[in-house]
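The next block holds one structure in the form of structure tokens; read it before the comments.
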Amino acid sequence: MAYSAFLLGIASPGPNVLAVIGTSMSVGRTPAMALALGIATGSFCWAALAVAGLSALLSTYAMALIAIKIGGGLYLLWLAYKAFKSASSKHDVEAKELSGGRRTLCGYWLRGVTVQMTNPKAALTWVAIISLGLADNAPNWVGLVIVIGTSILSVIIHLLYAIAFSTPIMVRLYSKSRRVIQATLGAFFALAGIRLLQAGRREPTRG
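The numbering used here applies: residue 41 is where the sequence shown begins, and numbers increase by one.
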């Protein structure tokens, strides 16, 4: 479930995805790939921080799991609302080149890390994703699998964005399918949010 939320989250054209698409379209494939790797690096950092933080919290306060699941569920419902709103909009995705002018490949990678790590929505998204896959008293390897798996997926998918959107035909195809993608995302986030809220209500408390 955590992997599914992560994959559909990347499919939603947020600031990070739009940065990769805009760089690929305006600057070229190679700079966009460097930017994509930077975003994937930032994604790994957020995943590791989320797993470590939630694991430490749950080991101390059993009641925290209920609050995390309810908070994550409410945030997923908010994402569902945003996705349905985007699906109903007639405006296409607007991808622009990052400000600051051209830079070296290392500079694009560093900008990708910065964009991801300074995005407050990334932190909330990762709390929601981890809360879907991390249960109370879960062994350490569960969090490790989530971090490694999502990091690999992040690298692959962001690189695919960089490669695909360097071609005009992909831009047109994505624009035409945008509404369907957003509606699908909305349905998934709504179901996942409801599931988390229900799990939070059923979660037993322990002293």
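C-beta atoms are modelled at their ideal positions from N, C-alpha and C, and glycine is treated no differently.
- Distance from the Cα of V67 is smallest, within the candidate group Y148, G93, G233 and I209, for Y148.
- When R219, M73 and F229 are compared, the shortest CA-CA separation from T144 is found for M73.
- Secondary structure of V187 (DSSP, three-state): helix.
- Considering only L114, I209 and V185, the residue with the shortest C-alpha distance to Q238 is L114.
- For G68, the secondary structure class from DSSP, reduced to helix, strand or coil, is coil.
- Annotation: the continuous alpha helix (DSSP H) that includes T154 extends over L145 to M157.
- Approximately 19 Å separates the beta-carbon atoms of L213 and L47; this is outside 8 Å, ruling out the contact.
- Taking a C-beta distance under 7 Å as the contact criterion, G152 and L75 qualify as a contact pair.
- Closest by C-alpha distance to Y43, out of A168, Q222 and S126, is A168.
- The C-alpha of A80 is placed about 12 Å away from the C-alpha of A162.
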